[in-house]
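>
There are 2 protein chains.
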Amino acid sequence: MADEHHLELLWGGEPPSGRGRPARTTREQVVAAGIARADAGGLHELSMRQVAADLGVGVMSLYTQVESRDGLVVLMIDRAFAEVTDTLGRRDGEPWRDAAARQARTLWDLYGRHPWILDHGHRMPMAPHVLALEDAFYTPFLDIGLPASASANAAIALRSLVTGLARDSRSEQDQVRRTGVGYAEYWSSLNAVFWDRYFDEERYPAMTRLWYAGGFAAEDILAGEGILERAVAAYLDGIAVRVQPGGTGQGTGGA
Amino acid sequence: MADEHHLELLWGGEPPSGRGRPARTTREQVVAAGIARADAGGLHELSMRQVAADLGVGVMSLYTQVESRDGLVVLMIDRAFAEVTDTLGRRDGEPWRDAAARQARTLWDLYGRHPWILDHGHRMPMAPHVLALEDAFYTPFLDIGLPASASANAAIALRSLVTGLARDSRSEQDQVRRTGVGYAEYWSSLNAVFWDRYFDEERYPAMTRLWYAGGFAAEDILAGEGILERAVAAYLDGIAVRVQPGGTGQGTGGA
DNA sequence: GATCCTTTCGGTACAGCGTATGGAAAGTCC
DNA sequence: GGACTTTCCATACGCTGTACCGAAAGGATC
């Protein structure tokens, strides 16, 4: 009923069995080739034919390793998340806020290295290393004694905040990278033509105020990473307010 | 250099000129048909041939109205955002936090009605009614005297938070709707099979704690809208902390 | 009314996609 | 040396977006 999650593919670790014609290619190689393609040109330039060509292999041979294109993408995501699995855990003596902020930053950087993850249409797959990251995100909030459902909510929201911000900012950098135009150049020229050809200052008063106050300067918004740190800090402040007044821990309830 | 933004399509209001063979179809009709298709089956079931068939029109005739499939999607997004343009503005006497929270909730509901917006690969288009929403999001933060770049950051982060949360939660509801299985049923069966076939409690200690504490009960996480309100409230608390201590307004600087 | 001009219509065609099918090939095991 | 098992991959099918271009349908002009 629900095997669009590729659970067997992700979790079933069947050994190769030894018999029969040996495969010219391992699953890891296929996944790595897919990641290379996606890193270079985004998810929509990842075609089975291209990956097969990169590996010097027939197209249909890939399907002995990955079951479908969607399955390949899911495996690629798992592989990408594996890059950070070991660095996520909360360290000895690390304050919970530092841990949460560091994890957020780690995820942000991961999206920076593999922006195509953000183009994945569905929810993040239930993959081993994706779960590892989610588990790490829950930890700081559980440790400060937030109730279970509040911890879950807080962690999910933090993750969504990072993901949403990454989508908003990275996608433009992608566009820049594809067209080869420099970021400042691209941004200013686009804004210039847009601003004095179409923009109606009376229709968008807030943006107009921001524009003249310099709030849209490229280095303030997307180019710098400041937006992530600021947003995460604000969100964690909100969580801190919620946990401090009640004491150190207000009855987690649960193992 | 940059006409993948469809600026002409979105902002250029050329009148139909009168002469020549009259069109059998208006742009609004095409966009409406596209929205109907996408509402029913998601963006990946939106094909030009389908839309044309729905309108009883040849496929290529659509291209006199929309320039490309991507242009159609962009117009559909603009049209969807137009649904809420009039309800966004801050009301008389409305506290800034209420305004921001209401706007966030409005966007959330919009995503609920048209989940396919979240499947759009690129950044939100520079469309009239999308800008209207962005403008509204900036307003509360500007009004409390946050500096220009901080206002921009805060509004973008709030928007990204809503978008990220919507993507995380809605996509699963989508899946449920497509397969026709009830939500609770689907979730519990998936979790049951996953939990006791693959899950390793030692590998994911935080999730294990949450699981046994009931933090993953469906009604607490995705099904309820509580997660949005909680996350937005926490984030706005963080912003409030940031503006209160400095006084009522700490020198916006700008028009 | 006939002609020209402008615009839209839409059939055909093409390149690309994911992948089902199934015979050939290449190993291990008895 | 069969028998068996597994992989390889050429071919084919249906689907996609859309370039091309002659045909059609209206207004404008004579």
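Heads up: the protein sequence lines correspond to chains A and B, in order. 1155 is the number of the first residue of the first sequence in my numbering; add one for each residue after it. 1155 is the number of the first residue of the second sequence in my numbering; add one for each residue after it. Just so you know, even glycine gets a beta-carbon here, dropped at the ideal spot from N, CA and C. Only a predicted model underlies this, so the values are computations on that prediction, with no experimental measurement involved.
Determine the DSSP secondary structure at M1214 (chain B), reduced to helix, strand or coil.
Here residue 1214 (chain B) corresponds to residue number 60 of the second sequence, with the count starting at 1. Reduced to three states, the DSSP call for M1214 (chain B) is helix.
> Tell me which residue opens and which closes the alpha helix (DSSP H) that Y1389 (chain B) is part of.
Reading the second sequence from its first residue, position 235 is the one you call residue 1389 (chain B). First-last of the alpha helix (DSSP H) with Y1389 (chain B): G1380 to V1397.
> I need the DSSP call for E1288 (chain A), collapsed to helix, strand or coil.
Position 134 of the first sequence, counted from the start, is the residue given in the question as residue 1288 (chain A). In the structure shown, E1288 (chain A) sits in a helix (DSSP, three-state: H, G or I).
> According to DSSP, is F1235 (chain A) part of a helix, a strand, or is it coil?
Along the first sequence, read from residue 1 onward, the residue named residue 1235 (chain A) stands at position 81. Three-state result, F1235 (chain A): helix.
> Here's a check: name, in chain order, each residue in its chain whose Cβ is nearer than 8 Å to the Cβ of V1205 (chain B), leaving out the five neighbours to either side.
The residue labelled residue 1205 (chain B) in the question sits at position 51 within the second sequence. Within the same chain, V1205 (chain B) has close Cβ partners V1184, A1187, G1188, R1191, L1216 and L1226.
> Report the rounded CA-to-CA distance for H1283 (chain A) versus F1370 (chain A), giving the unit in angstroms.
What you label residue 1283 (chain A) is simply residue 129 of the first sequence in a count that begins at 1. What you label residue 1370 (chain A) is simply residue 216 of the first sequence in a count that begins at 1. If you take the alpha carbons of H1283 (chain A) and F1370 (chain A), they lie about 37 Å apart.
> Beta carbons nearer than 7 Å to chain A: which residues of the region 1255–1284 of chain B have them?
If the cut-off is 7 Å between Cβ atoms, the region 1255–1284 of chain B has D1273, G1275, H1276, R1277 and M1280 near chain A.
> Measure how close the beta-carbons of D1391 (chain A) and M1361 (chain B) come, nearest whole angstrom, since I'm counting them as under 8 Å.
Working through the first sequence from its first residue, we reach residue 1391 (chain A) at position 237. Working through the second sequence from its first residue, we reach residue 1361 (chain B) at position 207. Between M1361 (chain B) and D1391 (chain A) the Cβ distance is about 26 Å, and since that is not below 8 Å, they are no contact.
> Measure the C-alpha to C-alpha separation of R1223 (chain A) and E1355 (chain A) and round it to an integer number of angstroms.
Counted from its first residue, the first sequence places residue 1223 (chain A) at position 69. Counted from its first residue, the first sequence places residue 1355 (chain A) at position 201. Approximately 46 Å, taken between the alpha carbons.
> Can you tell me whether M1214 (chain A) is buried or exposed? The criterion is at least 16 other CB atoms within 10 Å of its CB, across all chains shown.
To locate residue 1214 (chain A), count along the first sequence from 1; it is residue 60. With fewer than 16 Cβ atoms within 10 Å of its Cβ, M1214 (chain A) is classed as exposed.
> Where does S1314 (chain A) sit, in a helix, a strand or coil, going by DSSP?
For the purposes of this step, residue 1314 (chain A) is taken as the residue at position 160 of the first sequence. S1314 (chain A) falls in the helix class under three-state DSSP.
> Go ahead and label D1232 (chain A) buried or exposed: buried means 16 or more other beta carbons lie within 10 angstroms of its beta carbon, across all protein chains shown.
Taking the first sequence and counting its residues from 1, the one referred to as residue 1232 (chain A) is at position 78. Under this definition D1232 (chain A) is a buried residue.
> Using a Cβ-Cβ distance cut-off of 8 Å, determine whether R1396 (chain B) contacts chain A.
Locating residue 1396 (chain B) in the second sequence gives position 242, counting from the first residue. Output row for R1396 (chain B): interface = yes.
> In chain order, what residues of the same chain lie with their CB nearer than 7 Å to the CB of D1374 (chain B), ignoring the 5 residues before and after it?
To locate residue 1374 (chain B), count along the second sequence from 1; it is residue 220. Confidence at D1374 (chain B) is low in this model, with a pLDDT of 49, below 50, so its placement is unreliable and no value can be given for it.
> For A1258 (chain B), which option in B:R1363, B:L1296 and B:V1238 has the closest C-alpha, if you only look at C-alpha atoms?
As a position in the second sequence, residue 1258 (chain B) is number 104, starting the count at 1. Per the Cα distances, B:V1238.
> Terminal residues of the continuous alpha helix (DSSP H) containing Y1265 (chain A)?
As a working mapping, residue 1265 (chain A) is identified with position 111 in the first sequence. Note, Y1265 (chain A): alpha helix (DSSP H), W1250 to R1267.
> Check distances from the C-beta atoms of the region 1198–1227 of chain A to those of chain B and list, in chain order, the residues that come in under 9 Å.
Taking 9 Å as the Cβ-Cβ cut-off against chain B, the residues of the region 1198–1227 of chain A that qualify are H1198.
> Between B:A1320, B:L1264, B:L1242 and B:V1347, which lies nearest to L1287 (chain B) when the distance is taken from Cα to Cα?
Indexing the second sequence from 1 puts residue 1287 (chain B) at position 133. Residue B:L1242 is the option with its Cα nearest to L1287 (chain B).
> Closer than 8 Å, CB to CB, is S1171 (chain B) near chain A or not?
Translated into positions along the second sequence, residue 1171 (chain B) becomes position 17. Taking Cβ atoms only, chain A never reaches closer than 8 Å to S1171 (chain B), which makes this a no.
> Below 8 Å, can you find three or more Cβ-Cβ pairs linking the region 1270–1280 of chain B to the region 1302–1311 of chain B?
Touching, no.
> Under three-state DSSP, which class holds P1359 (chain A)?
Your numbering for residue 1359 (chain A) matches position 205 in the first sequence. It is helical.
> Could you tell me the distance, in whole angstroms, from the CA atom of A1177 (chain A) to the CA atom of L1200 (chain A)?
Position 23 of the first sequence, counted from the first residue, corresponds to residue 1177 (chain A). Position 46 of the first sequence, counted from the first residue, corresponds to residue 1200 (chain A). Cα to Cα, the separation comes out at about 22 Å.
> For a contact meaning CB atoms closer than 9 Å, what does A1385 (chain B) contact in chain A?
In the second sequence, residue 1385 (chain B) corresponds to position 231, counting from 1. Simply N1307, A1308, I1310, A1311, L1312, S1314, L1315, Y1389 and G1392.
> State the Cα-Cα distance for the pair T1317 (chain A) and A1320 (chain B), rounded to the nearest angstrom.
In the first sequence, counting from the first residue as 1, residue 1317 (chain A) sits at position 163. In the second sequence, counting from the first residue as 1, residue 1320 (chain B) sits at position 166. Near 11 Å, if we compare the C-alpha coordinates of A1320 (chain B) and T1317 (chain A).
> Using a Cβ-Cβ distance under 8 Å, would E1355 (chain A) count as near chain B?
As a first step, residue 1355 (chain A) is located in the first sequence; it is residue number 201 there, counting from the start. No, E1355 (chain A) lies away from the interface with chain B (no Cβ there is under 8 Å from its Cβ).
> Can you give, in chain order, each stretch of the alpha helix (DSSP H) that sits fully within the region 1158–1211 of chain A and has at least 4 residues?
Segments of the alpha helix (DSSP H) lying fully in the region 1158–1211 of chain A: 1161–1165, 1181–1195 and 1202–1209.
> Report the rounded CA-to-CA distance for L1285 (chain B) versus Y1358 (chain A), giving the unit in angstroms.
On the second sequence, position 131 is the one that residue 1285 (chain B) refers to. On the first sequence, position 204 is the one that residue 1358 (chain A) refers to. For L1285 (chain B) and Y1358 (chain A), the distance between alpha carbons rounds to 8 Å.
> Which residue from B:W1250, B:L1382 and B:R1277 puts its Cα closest to that of I1310 (chain A)?
The sequence position of residue 1310 (chain A) within the first sequence is 156, counting from 1. I1310 (chain A) has its Cα closest to that of B:L1382, out of B:W1250, B:L1382 and B:R1277.
> Do you know whose CA, among B:G1299, B:A1253, B:E1248 and B:S1314, lies nearest Y1265 (chain B)'s CA?
Working through the second sequence from its first residue, we reach residue 1265 (chain B) at position 111. Here the closest residue by C-alpha is B:S1314.
> How many whole angstroms separate the CB atoms of A1281 (chain B) and L1164 (chain B), which I take to be in contact at a CB cut-off of 8 Å?
Here residue 1281 (chain B) is taken as the residue at index 127 of the second sequence, counted from 1. Here residue 1164 (chain B) is taken as the residue at index 10 of the second sequence, counted from 1. Right, their Cβ atoms sit about 5 Å apart.
> Beta-carbon of E1288 (chain B) versus every beta-carbon of chain A: anything under 8 Å?
As a working mapping, residue 1288 (chain B) is identified with position 134 in the second sequence. Chain A contact via Cβ: present.
> If distances are taken between C-alpha atoms only, which option among A:A1253, A:V1347 and A:R1324 comes closest to P1294 (chain A)?
Within the first sequence, residue 1294 (chain A) is the residue found at index 140, counting from 1. It is A:A1253 whose Cα lies nearest to the Cα of P1294 (chain A).
> Please list the partners that R1233 (chain A) has in chain B, where partner means a Cβ-to-Cβ separation under 7 Å.
For the purposes of this step, residue 1233 (chain A) is taken as residue 79 along the first sequence, with counting starting at 1. By Cβ distance, chain B contributes nothing, its closest Cβ being about 17 Å from R1233 (chain A), past 7 Å.
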